[in-house]
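Residue numbers are given in full-length UniProt numbering: position 70 of the sequence shown equals residue 70, and the series is strictly consecutive. The beta carbon of each residue, even a glycine, is placed where N, CA and C say it ideally should be. Okay, so here's the structure we're looking at.
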Amino acid sequence: METEQTREATVTDRRTLQAYFIGGGIAALAGAAFLIRDGHMPGANIHILEELKISGGGLDGVGSPETGYVIRGGRMLNDETYECTWDLLKTIPSLQDPDRSVRDEIVAFNRKIRTRARARLVDGNGAIVDVSSMGFSNQDRLELAKLMAVPEDSLGPARINQWFGPAFFTTNFWYMWATTFAFQPWHSLIEFKRYLHRFIHEFPRIHTLAGVRRTPYNQYDSLVLPLLKWLKAHGVRLEMSTRVEDLDFKPSKTEYTVTRLHCTRDGERREIAIHPGDLVFVTNGSMVEGSSLGSMSAPPRPDGKGSSWRLWENIANKQPGLGDPGVFADHIPESLWESFTVTCHDPAFFQLMEDFSGNPPGTGALVTFKESNWLMSIVLAYQPHFINQPEDVRVFWGYGLFPNEPGNFVQKKMTECSGAEILTELCSQLRFTAQLPLILKTSNCIPCLMPFITSQFLARSRQDRPPVVPPGSTNLAFIGQFCEIPDDVVFTVEYSVRSAQTAVYTLLGLDKEIPPIYPGQFDVRVLFDSFIAMFR
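In structure tokens, the structure reads:
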């Protein structure tokens with residue numbers, strides 16, 4: 001058992017160690033914070049090596065009123081199931097009020113701005129769909145119950161559409177669940193099962209999304225910026241424009257020990273020696289790598305596989321047991337979709353949407369057009385959505401899950417459409433065509449094509465993702481969306497933060513408990529409420 005004396009000695013030892021995070025997404029930022037807060041490591045000993053000139057990974061938010069704002073994706077938070085995220089955010093002071101934490105700021109915001117969607121689904125005639133019923137048949141209910149009960153290991157690399165019949169994918173439930181979490185019928189059945197367990201408490205309110213928690217601004221401004229400020233104040237070294245291309249390992253058949261990093265920084269090659277006791281945290285793979293932006297007049301141009309995938313390929317080829325990146329990176333048609341961010345210099349669209357939906361901005365969550373060939377959804381956040389956003393500017397976000405299909409009104413694939421054409425399709429779905437010329441004239445719609453955005457959902461086996469800390473590792477951990485955390489769900493901020501907390505506590509040998517995963521599937525009251533919802 002660790003005594004106070006040995007703990008003090010261990011802390012002293014840590015002051016001589018160096019920690020290297022490869023990638024600057026939320027997992028790396030969280031890991032650095034846990035090293036400082038719980039591992040008592042000096043911030044100056046922590047290095048975050050990021051290829052881009054900006055940190056945050058998928059939690060991005062950039063732009064200006066003149067050039068247009070861009071949010072590649074939107075991440076929802078949840079009171080019950082984001083245990084590690086809330087544990088982290090209670091430590092970080094708010095940018096707006098340093099006397100309270102980011103967690104307290106978010107809680108206060110959501111008490112003020114409550115989500116309750118009144119137009120969750122819209123039909124092909126532009127009318128709001130009654131979603132009080134899930135639309136299940138008895139067969140659907142039976143298959144859902146069976147899936148909840150079967151052991152995960154018995155499913156293997158099966159896909160969702162190998163378990164459910166075609167009618168299931170036309171239910172109100174599927175349209176709402178799939179667009180809330182970005183599932184496709186060909187995605188992993190295991191991941192779908194995990195989501196059913198992790199968010200079973202959302203069953204009764206999936207039609208209103210009343211369980212969604214939002215940040216006051218976009219998540220870069222609300223989460224990443226305060227976290228970066230805190231890390232910089234502790235001396236963490238953010239080494240931007242640094243691409244890590246390969247790792248060297250100590251020759252061994254029984255352990256993983258990283259001895260050197262091979263990097264390129266500002267075009268110059270360099271090597272970083274990893275000394276005994278130093279730690280290496282690898283973000284393997286990326287949801288947003290290869291993203292490309294279009295404009296009002298041009299579609300985005302596809303980009304290829306990037307450095308995070310190549311790094312994972314390099315080390316997996318050297319060392320057995322570190323996963324198979326090809327399972328996730330080599331199936332772009334199954335992982336690609338397209339988002340768009342619209343900057344409005346006139347209130348017309350927002351006023352039309354509020355009149356149509358009955359939801360003021362920030363209270364309506366997703367609006368999904370269920371008969372859209374692109375399966376398009378939009379969300380109007382509370383305004384302003386950016387810290388530097390003027391009062392007379394408004395910003396909203398949307399995405400299409402089937403971007404390789406022709407639009408219902410614009411007869412082109414979404415991937416081939418300019419921002420103006422995407423706005424035209426959207427306004428046509430809503431029957432806002434009389435106001436379309438004004439909306440086009442006063443708006444800037446920037447499309448974003450993301451080839452790997454749901455790659456973490458692709459059908460896989462357990463060994464295709466490396467453990468957070470592989471057995472036999474002395475100084476190597478994997479963090480982010482492509483490591484394996486039993487029972488938890490990818491495509492969430494929580495997964496990245498939990499991976500970082502697990503990695504830090506394990507490599508440092510900390511005698512601290514990681515918050516347990518929410519066990520909603522074992523809560524009798526939650527199960528009863530969900531059972532009733534299935535028969536609506």
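- With respect to the 8 Å criterion, residue 81 and residue 199 are classified as neighbours on the basis of their beta carbons.
- DSSP lists 479 as the beta-bridge partner residues of residue 283.
- Rounded to whole angstroms, the separation of the alpha carbons of residue 356 and residue 99 is 40 Å.
- Cβ neighbours of residue 24 within its own chain (closer than 6 Å, five residues either side excluded): 48, 50, 55.
- Taking the C-beta atoms as reference points, residue 179 is found no nearer than 8 Å to residue 134.
- In the structure shown, the three-state DSSP call for residue 153 is helix.
- C-alpha of residue 186 to C-alpha of residue 337: approximately 14 Å in a straight line.
- With respect to the C-alpha of residue 16, the residue from 37, 33, 45, 105 having the closest C-alpha is 45.
- Here DSSP, grouped into helix, strand and coil, assigns residue 194 to helix.
- Contact check for residue 299 against residue 415 passes: the beta carbons are separated by less than 8 Å.
- With three or more CB-CB distances shorter than 8 Å, the segment 307-320 counts as touching the segment 237-254.
- In this chain, the alpha helix (DSSP H) harbouring residue 495 covers 493-508.
- Judged by their CB atoms, residue 14 and residue 368 are not nearer to each other than the 8 Å cut-off.
- Its Cα nearest to that of residue 262, the residue 315 stands out among 340, 315, 401.
- A straight-line Cα-Cα distance of about 18 Å links residue 435 and residue 395.
- Residue 177: member of the alpha helix (DSSP H) spanning 172-181, first to last residue.
- As summarised for the segment 240-289, the continuous beta strand (DSSP E) elements at least 3 residues long and confined to that stretch are 242-249, 258-265, 268-273, 279-283, given in chain order.
- In this structure, the beta-carbon distance from residue 499 to residue 419 does not fall below 8 Å.
- The shortest CA-to-CA distance from residue 107 to any of 125, 79, 350 is the one to 79.
- Per DSSP, residue 314 is one residue of the alpha helix (DSSP H) stretching across 307-318.
- Separation of residue 361 and residue 279 (C-alpha to C-alpha, rounded to the nearest whole angstrom) is 45 Å.
- Under DSSP, residue 337 forms a beta bridge with 450.
- Residue range 46-49 is occupied by the beta strand (DSSP E) that includes residue 48, with no alpha helix (DSSP H) assigned at that position.
- Nearest in C-alpha terms to residue 92, of all of 53, 402, 68, 32, is 32.
- Residue 420 carries a helical assignment under DSSP once its states are collapsed to helix, strand and coil.
- Rounded to whole angstroms, residue 301 and residue 254 show a C-alpha spacing of 45 Å.
- Bounds of the alpha helix (DSSP H) holding residue 37 are 26-37.
- As DSSP reads the structure, residue 22 sits in a beta bridge with 49, 282.
- Contact annotation, residue 213 with residue 76: C-beta distance approximately 7 Å; criterion of less than 8 Å satisfied.
- Secondary-structure assignment with DSSP links residue 376 through a beta bridge to 400.
- Selection 101, 461, 332 evaluated against residue 154 yields 461 as nearest (Cα-Cα).
- Rounded to whole angstroms, the gap between the alpha carbons of residue 448 and residue 290 is 10 Å.
- Distance between residue 287 and residue 195, taken at the CA atoms: about 18 Å.
- In the three-state reduction of the DSSP assignment, residue 61 falls in the coil class, being assigned neither a helical nor a strand state.
- In terms of Cβ geometry, residue 274 and residue 264 do not form a close pair [threshold 8 Å].
- Assigned with DSSP and collapsed to three states, residue 161 falls in helix.
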